[in-house]
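Asker: Using the working numbering, the first residue of the sequence shown is number 53, and each one after it goes up by one.
The beta-carbon is built from N, C-alpha and C at its ideal position, and this holds for glycine as well.
From a predicted model like this one, the values you see are computed outputs, not experimental measurements.
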Amino acid sequence: MPLKIEPILPRFGAICTGLDLTRKLSLEEVKLVTDAMDMWGVTVWPETGLNDETQIAFSRNFGYLERVPWRAGVNYRLPYRELFDASNLNIEGNITQDPSALQYRKGDRLWHTDSAFMEKRTSYSMLLAHQLPPEGGETGFADTRSAYDDLPQELKDLLEDKVGINSLWWSRKMAGADISDEEIYERPLAKHPLVHVHKGSGCKALFIAAHTMDIEGMDKTEGRALIRQLIEHCTQPQYVFEHSWSVGDMVIWDNLCTMHRAGEYAYDLYKRDLRRTTVREGTEPHMLESGDDPFTELFSSSPKSVDIQSARAAGR
């Protein structure tokens, strides 16, 4: 059955059907997926039939899969380190009551790109729905290529050589966590150009989101005001759509030309279990890297207010 593509917005997002993602794809089929991603930035795949193992196998078609941080004595709910736990559940599968885990997840409801706080950026994120609340929990996506195209030329000129300074803990602070600027500056930071050429399409895109704390060389107040202005510009209605999930849906988004955010729902009442695989930018399919992922080092110094790993170790 050929791949069928149904656009969501005129230039952004598409619903894709016709490929069986549970089996090994041919090189031609893999190219169909990457071509769709280059064109639309986000692709929605309904009723995939994927499980943990087949999600990981499918995701490996697109490069090296990042792994969740490891810490001795920590128990993990999911069986594979290639699966990032985007749920509100503890290791027993119950709704977590741990304040640090709940506070950490609030940052996901800000507009962001996955792993912008790492020196090695993420390209594709692939999120699969296993269990959902009866209402709410939609995920929003924003088109940073079209948003860049529509900027006035004088602002494009200003941004051309600007570099953003990114921190995971800054986004958590913006979501209300008790973290000081001093704590943030003591921890790893990542620098990325605010504007880059999206390799798959050849188009320029903004690379900016909730993790972007400062702009190198700019006054902090002015830089942070510009960051807010750009996020507000990218998230205007003409650049945004929301996906309402069904169990079995998988959404793939390209972090290098999009932003996204998790939607609100009654997270203290209803279980929401989504699992994400993420591909490292610039890696080839099935590429292996020696040593551990840098996530382990980053999360080893988590501020107490958002130390989600300690919550997992305690099983809360």
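1. Report the rounded CA-to-CA distance for residue 292 versus residue 354, giving the unit in angstroms.
2. Counting pairs of Cβ atoms below 8 Å between the region 92 to 112 and the region 291 to 306, do you hit three or more?
3. With three or more beta-carbon pairs closer than 8 Å as the criterion, would you say the region 239 to 254 touches the region 163 to 183?
4. According to DSSP, residue 194 sits in a beta bridge with which residue or residues?
5. Using the Cα positions of residue 125 and residue 58, report the straight-line distance between them to the nearest angstrom.
6. From 316, 248, 187 and 279, pick the residue whose C-alpha is nearest to that of residue 223; which is it?
7. Report yes if the CB atom of residue 107 is closer than 8 Å to the CB atom of residue 332, and no otherwise.
8. Quick check on residue 187: buried or exposed, where buried means 16 or more other Cβ atoms within 10 Å of its Cβ?
9. Please identify the residue among 91, 350 and 85 whose C-alpha is closest to the C-alpha of residue 255.
10. Going by CA-CA distance only, name the one from 251, 281 and 104 that's closest to residue 264.
11. So, for residue 268: in the same chain, excluding its five sequence neighbours on each side, which residues have a beta-carbon less than 8 Å away from its beta-carbon?
12. Where does residue 59 sit, in a helix, a strand or coil, going by DSSP?
13. Between which two residues does the beta strand (DSSP E) carrying residue 281 extend?
14. So which of 357, 117 and 250 has the shortest CA-CA distance to residue 133?
15. Could you tell me the distance, in whole angstroms, from the CA atom of residue 174 to the CA atom of residue 321?
Answerer: A quick look at the data gives this:
1. 32 Å
2. yes
3. yes
4. 292 and 311
5. 46 Å
6. 279
7. no
8. exposed
9. 91
10. 281
11. 214, 215, 216, 217 and 243
12. strand
13. Taken as a continuous stretch (DSSP letters only), residue 281 belongs to no beta strand (DSSP E), being part of the alpha helix (DSSP H) at 272 to 286.
14. 117
15. 32 Å
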